[in-house]
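A.B. asks: Starting off with a structure, shown below.
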């Protein structure tokens with residue numbers, strides 16, 4: 067690997083350039099030959115696999131199954147739900163030819179699969195016995211991005227999962243939407259150590275075609291929010307045009323209720339920005355593709371074999387206790403070079419085994435999150451590594467939670483609101499009259515949108531931050547990715 | 067599930083109609099709204115997951131990593147390897163518009179990823195230290211099928227994996243090609259119980275752009291062969307146009323050597339056709355999504371609770387010993403209905419627990435492959451289930467191997483050759499002069515192609531089956547899917 071190693075810009079000095087360097091130099095991803103498309107490299111793919119495995123297990127425990135639906139959607143199906151079509155059509159890639167032949171109807175490359183899935187569900191759902199129908203798809207979707215793009219955060223093709231469920235009652239669909247939101251919270255907060263605000267989207271920000279959308283919003287170091295995932299109650303907005311009906315226990319025919327929900331590799335982008343530092347990536351242990359890297363330090367050639375043996379033995383021991391560990395005994399690189407590389411790749415814990423460690427029957431442990439260094443007796447290494455990994459996980463979340471909390475301010479006055487949004491940013495909690503027009507004016511004035519409305523649905527005590535009419539809802543405003 | 071259960075046509079009477087019914091009624095897959103596209107339903111997806119998990123593990127053990135490459139390939143890249151482009155272009159779906167905009171260069175929806183992958187590899191490979199580069203992609207590819215289509219066997223979009231590797235020497239690439247061929251054989255023969263002939267493709271049947279192609283060919287009950295997977299040595303045919311070069315230990319720049327290889331959900335189609343019977347699917351235990359189905363038989367309501375308890379306890383016990391088991395205690399269906407359904411779905415082993423079994427501390431085990439029935443004492447059930455599953459796996463392979471062997475005939479005379487190909491079919495072993503023209507005439511005369519040339523590369527003792535010139539190669543001819 068002959069490459070320029072190391073990040074050449076400080077995170078605090080130029081977040082955007084820092085981000086690009088971290089993504090590419092850590093070998094998570096690379097730019098593609100087509101603008102706005104990205105190659106997910108093996109290291110990034112194994113990170114995605116960790117994320118996917120956790121969520122896939124949760125979904126299966128809750129009786130969801132995976133399936134695969136075709137990539138193409140005929141234009142006539144996409145048009146079936148009018149609002150949905152209007153929302154997606156500016157971003158759709160269209161297939162118009164196959165080989166030498168012009169197609170009689172153009173095909174959309176899936177921007178999301180509600181239409182083709184619900185069309186198919188209408189054949190599968192007949193009776194109350196068929197419900198709930200709980201299916202998840204792991205695939206990629208395509209939405210042409212013509213403005214600023216950024217690896218993971220905004221790409222024209224992205225990897226995600228999209229869940230599509232059918233229920234007998236509105237309440238069952240509601241429960242599903244909220245259960246998925248909780249699964250997403252567990253994934254994002256407990257696995258990825260990324261604290262979020264949960265809540266509803268406003269009508270103008272909800273999924274096109276949804277009855278309502280719930281969301282998880284994280285805060286980035288530059289004061290901009292990022293949407294981590296969404297879970298939608300679709301009401302009967304798709305069941306009706308697609309004729310998803312079932313025969314109830316009451317022997318009557320009813321329209322069903324549907325939901326959809328998704329998280330994408332965008333979560334990885336947020337994770338990078340939130341936890342990374344001037345040395346590169348910092349990965350939370352629970353989702354790190356490599357949790358521990360062991361570097362043998364070979365100064366005097368006489369010790370080499372014994373040191374490498376010890377490093378390998380330690381690796382075996384940790385591996386057997388369920389820790390994902392790798393021993394880096396490559397000869398062509400110095401220990402210092404390796405330290406830099408594994409720090410750049412965000413491996414949570416490094417173990418150094420040198421001549422002194424060999425002599426003293428110990429190992430040296432270095433945390434990625436704090437750079438704290440400690441020596442541990444050989445027989446205590448496994449327990450200490452376990453303890454440290456848990457502590458790193460906890461610390462990353464606590465640190466991020468503190469900065470999320472610190473980013474939230476309250477505003478009761480529009481001029482001050484505009485100053486905060488235009489200045490340090492973060493979430494600004496304010497009263498809103500509930501009117502779409504007012505929301506649009508705030509966006510035009512400040513660039514901020516309503517990121518979320520709290521689940522509690524509390525009525526505010528003060529008047530709307532902009533228009534001064536009675537406040538209908540508490541809202542969290544922010545600029546966003 | 068209000069549906070017509072049960073296959074209404076005999077496998078021997080109408081293989082094609084039987085196949086379609088098995089695929090759809092067992093709920094492996096469904097037709098899509100677009101011709102030649104297919105929905106992989108949850109049951110089919112979990113079968114694919116079993117296949118995928120096995121191969122993914124093998125590849126990772128051999129130091130391969132997964133990655134993801136973009137769906138679209140600009141036309142100019144696809145054209146870079148001329149033969150390759152010519153081979154695929156009649157089947158390519160073209161994206162020409164994004165939203166309201168005409169694209170300046172049309173984009174191919176990937177028919178396979180050699181071009182975009184090798185373009186990217188040319189950036190990643192610099193030194194001999196970067197080699198071998200061993201990457202696998204799990205994705206779908208699209209090739210417009212305009213003639214007869216069939217679920218799993220021939221669809222315009224299919225799920226597969228495509229491996230793409232780079233090596234320092236021709237020999238290393240050769241070893242990779244053969245190692246992968248062996249992994250595929252293990253998957254297909256040992257997991258899927260589907261015996262195959264291994265060998266080379268002739269030049270006219272090889273992958274467009276390959277130096278040579280190796281293949282695995284199975285035989286279907288109608289005497290037609292099916293290609294199960296291929297592993298290609300690409301020589302330097304892609305390394306040169308895409309400029310994949312590395313600095314060797316000799317300090318000189320060398321072009322690298324590449325391979326590619328793939329298996330798809332087509333393997334599932336072959337599996338269905340090969341092992342299925344008049345009742346439906348028959349799945350080999352090692353890849354069955356459900357290995358054992360337990361059906362409580364509730365005649366007298368007094369026993370119900372005790373019988374269901376026993377069924378559940380047995381399920382727990384089997385589950386703990388690593389067997390994938392499900393208890394079907396649905397109340398709305400009769401035992402007979404359930405027997406039919408799980409037979410249709412090909413579950414290898416059924417356990418019945420009825421009043422008599424409860425009384426006598428036993429369970430009744432019924433094999434899907436032979437319908438053989440036996441009663442086993444409660445304390446012997448786990449061991450006997452394990453033994454039977456292994457025996458079913460072995461039996462399915464042995465049965466299929468016997469019919470593969472029986473399908474192979476030898477021919478030294480063209481009229482007789484034509485009669486066999488046009489009659490019972492199967493593989494016909496014959497001498498071939500090695501000329502492409504002769505191969506084409508045989509195809510035009512009989513519909514048969516050279517399915518494979520043995521790896522042993524034996525010279526035949528007799529003259530070419532058609533032209534009478536000296537035989538250059540032994541070839542296995544057959545008509546095929």
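Residue numbers (our numbering), protein chains in the order written: chain R, 67 to 547; chain U, 67 to 547.
For each residue, glycine too, the CB sits at the ideal point set by N, CA and C.
#1: Given a limit of 8 Å on CB to CB distance, which residues of the stretch 333-349 of chain R reach chain U?
#2: What in chain U is Cβ-close to residue 105 of chain R, meaning under 8 Å?
#3: Just to confirm the assignment, what range does the alpha helix (DSSP H) spanning residue 125 of chain U have?
#4: DSSP puts residue 378 of chain U in a beta bridge; with which residues?
#5: Just confirm the distance between the C-beta atoms of residue 135 of chain R and residue 451 of chain U, as a whole number of angstroms; I'd bet it's less than 8 Å.
#6: Of the residues R:86, R:125, R:238, which one's Cα is nearest the Cα of residue 202 of chain R?
#7: Can you give, in chain order, each stretch of the beta strand (DSSP E) that sits fully within the stretch 215-283 of chain R and has at least 3 residues?
#8: Would residue 160 of chain R count as contacting chain U if we go by Cβ distances under 7 Å?
#9: Is residue 537 of chain U helix, strand or coil by DSSP?
#10: Alpha carbon to alpha carbon, how far is residue 414 of chain R from residue 190 of chain U? Give it in angstroms, no decimals.
#11: Return helix, strand or coil for residue 444 of chain U, following the three-state DSSP convention.
#12: Taking the beta carbon of residue 142 of chain U as the centre, do at least 16 other beta carbons fall within 10 Å, making it buried, or is it exposed?
#13: Would you mind giving the Cβ-Cβ distance between residue 321 of chain R and residue 282 of chain R, rounded to the nearest angstrom? I have them listed as a contact below 8 Å.
#14: What are the boundary residues of the alpha helix (DSSP H) that residue 333 of chain U is part of?
#15: Where does residue 399 of chain R fall in DSSP's three states?
#16: Within 10 angstroms of the Cβ of residue 229 of chain R, are there 16 or more other Cβ atoms? Answer buried if so, exposed if not.
#17: Taking the alpha helix (DSSP H) that residue 418 of chain U falls in, what are its first and last residues?
#18: Output yes if chain R places a C-beta closer than 7 Å to the C-beta of residue 223 of chain U; else output no.
#19: Taking the alpha-carbon of residue 445 of chain R as reference, which of R:373, R:420, R:240, R:379 has the nearest alpha-carbon?
#20: Is the beta carbon of residue 416 of chain R closer than 7 Å to that of residue 432 of chain R?
#21: Let me check understanding here. Comparing Cα to Cα, which of U:373, U:386, U:342, U:464 lies closest to residue 408 of chain U?
#22: Compare the C-beta of residue 176 of chain R against all C-beta atoms of chain U and say whether one is closer than 7 Å.
#23: Three or more beta-carbon pairs under 8 Å between the stretch 520-538 of chain R and the stretch 255-269 of chain R, yes or no?
#24: State the Cα-Cα distance for the pair residue 298 of chain R and residue 215 of chain R, rounded to the nearest angstrom.
#25: In terms of residues, what are the limits of the alpha helix (DSSP H) holding residue 94 of chain U?
#26: Quick one: residues in its chain with C-beta nearer than 8 Å to the C-beta of residue 68 of chain R, no 5 flanking neighbours on either side, listed in chain order?
#27: Three-state secondary structure (DSSP) at residue 98 of chain R?
#28: Would you list the one or two residues that DSSP bridges to residue 140 of chain U?
#29: Only counting the same chain, and skipping five residues up and downstream in sequence, which positions put a Cβ closer than 6 Å to that of residue 144 of chain R?
#30: Use the C-beta contact count for residue 168 of chain U: other C-beta atoms within 10 angstroms, 16 or more gives buried, fewer gives exposed.
#31: Can you confirm whether the stretch 216-227 of chain R touches the stretch 89-109 of chain R when touching is taken to mean that 3 or more C-beta pairs between the two stretches lie within less than 8 Å?
#32: Would you be able to state if there are at least three C-beta pairs under 8 Å between the stretch 198-212 of chain R and the stretch 291-306 of chain R?
#33: Suppose only complete runs of 4+ residues qualify. What are the alpha helix (DSSP H) ranges in the stretch 497-537 of chain R, listed by chain order?
#34: So the candidates are U:73, U:279, U:359; which of them puts its Cα closest to the Cα of residue 246 of chain U?
#35: Going by alpha carbons, who is nearest to residue 224 of chain U out of U:198, U:360, U:176?
#36: Excluding the five sequence neighbours on either side, which residues of its own chain have a C-beta within less than 6 Å of the C-beta of residue 309 of chain R, listed in chain order?
C.D. replies: Looking at the coordinates:
#1: none
#2: The sequence position of residue 105 of chain R within the first chain is 39, counting from 1. Those are 133, 134, 135, 136, 186, listed as they occur along chain U.
#3: Against the second chain, residue 125 of chain U aligns to sequence position 59. Unbroken alpha helix (DSSP H) run through residue 125 of chain U: 108-127.
#4: For the purposes of this step, residue 378 of chain U is taken as residue 312 along the second chain, with counting starting at 1. Answer is none; residue 378 of chain U lacks a bridge partner.
#5: By one-based count along the first chain, residue 135 of chain R stands at place 69. By one-based count along the second chain, residue 451 of chain U stands at place 385. So it is not a contact: roughly 35 Å between Cβ atoms.
#6: Taking the first chain and counting its residues from 1, one reaches residue 202 of chain R at position 136. Considering only alpha carbons, the answer is R:125.
#7: 223-233, 263-266
#8: Here residue 160 of chain R is taken as the residue at index 94 of the first chain, counted from 1. So yes, residue 160 of chain R belongs to the interface.
#9: Within the second chain, numbered from 1, the residue matching residue 537 of chain U stands at position 471. Three-state DSSP puts residue 537 of chain U in coil, outside helix and strand.
#10: Translated into the one-based positions of the second chain, residue 190 of chain U becomes position 124. Translated into the one-based positions of the first chain, residue 414 of chain R becomes position 348. Using only the alpha carbons, I get a separation of about 26 Å.
#11: Counting from 1 along the second chain, the entry for residue 444 of chain U is found at position 378. Note: residue 444 of chain U maps to helix in three-state DSSP.
#12: Position 76 of the second chain, counted from the first residue, corresponds to residue 142 of chain U. Residue 142 of chain U should be labelled exposed.
#13: As a first step, residue 321 of chain R is located in the first chain; it is residue number 255 there, counting from the start. As a first step, residue 282 of chain R is located in the first chain; it is residue number 216 there, counting from the start. No, residue 321 of chain R and residue 282 of chain R are not in contact; Cβ-Cβ is about 29 Å, not under 8 Å.
#14: Sequence index remark: in the second chain, residue 333 of chain U carries index 267 (1-based). Residue 333 of chain U -> alpha helix (DSSP H) spans 332-341.
#15: What you label residue 399 of chain R is simply residue 333 of the first chain in a count that begins at 1. Reduced to three states, the DSSP call for residue 399 of chain R is coil.
#16: Taking the first residue of the first chain as position 1, residue 229 of chain R is located at position 163. It counts as buried.
#17: On the second chain, position 352 is the one that residue 418 of chain U refers to. From DSSP, residue 418 of chain U is part of no alpha helix (DSSP H) but of the beta strand (DSSP E) over 415-419.
#18: Stepping through the second chain from its first residue, residue 223 of chain U is reached at position 157. So, interface residue.
#19: What you label residue 445 of chain R is simply residue 379 of the first chain in a count that begins at 1. It is R:379.
#20: Here the question's residue 432 of chain R lines up with position 366 in the first chain. Here the question's residue 416 of chain R lines up with position 350 in the first chain. Against a cut-off of 7 Å, the Cβ pair of residue 416 of chain R and residue 432 of chain R comes out as a contact.
#21: Counting from one through the second chain, the residue named residue 408 of chain U turns up at place 342. That would be U:342, whose Cα lies nearest to the Cα of residue 408 of chain U.
#22: As a position in the first chain, residue 176 of chain R is number 110, starting the count at 1. Cβ-Cβ to chain U under 7 Å: no for residue 176 of chain R.
#23: yes
#24: Position 232 of the first chain, counted from the start, is the residue given in the question as residue 298 of chain R. Position 149 of the first chain, counted from the start, is the residue given in the question as residue 215 of chain R. If you take the alpha carbons of residue 298 of chain R and residue 215 of chain R, they lie about 25 Å apart.
#25: Taking the first residue of the second chain as 1, we reach residue 94 of chain U at position 28. Here residue 94 of chain U belongs to no alpha helix (DSSP H), and DSSP marks it neither H nor E.
#26: Here the question's residue 68 of chain R lines up with position 2 in the first chain. With a pLDDT of only 38 at residue 68 of chain R, under the threshold of 50, the placement of this residue in the model should not be trusted, and no figure is reported.
#27: Along the first chain, read from residue 1 onward, the residue named residue 98 of chain R stands at position 32. Looking at residue 98 of chain R - three-state DSSP - the assignment turns out to be coil, as it is neither helix nor strand.
#28: As a position in the second chain, residue 140 of chain U is number 74, starting the count at 1. Beta-bridge pairing links residue 140 of chain U to U:173.
#29: Taking the first chain and counting its residues from 1, one reaches residue 144 of chain R at position 78. The answer, listed in chain order, is 151, 174, 181.
#30: Working through the second chain from its first residue, we reach residue 168 of chain U at position 102. That one is exposed.
#31: yes
#32: no
#33: 502-512
#34: Here residue 246 of chain U refers to the residue found at position 180 when the second chain is read from its first residue. Residue 246 of chain U has its Cα closest to that of U:279, out of U:73, U:279, U:359.
#35: Indexing the second chain from 1 puts residue 224 of chain U at position 158. Selected option, being the one with the closest Cα: U:176.
#36: What you label residue 309 of chain R is simply residue 243 of the first chain in a count that begins at 1. Answer for residue 309 of chain R: 188, listed in chain order.
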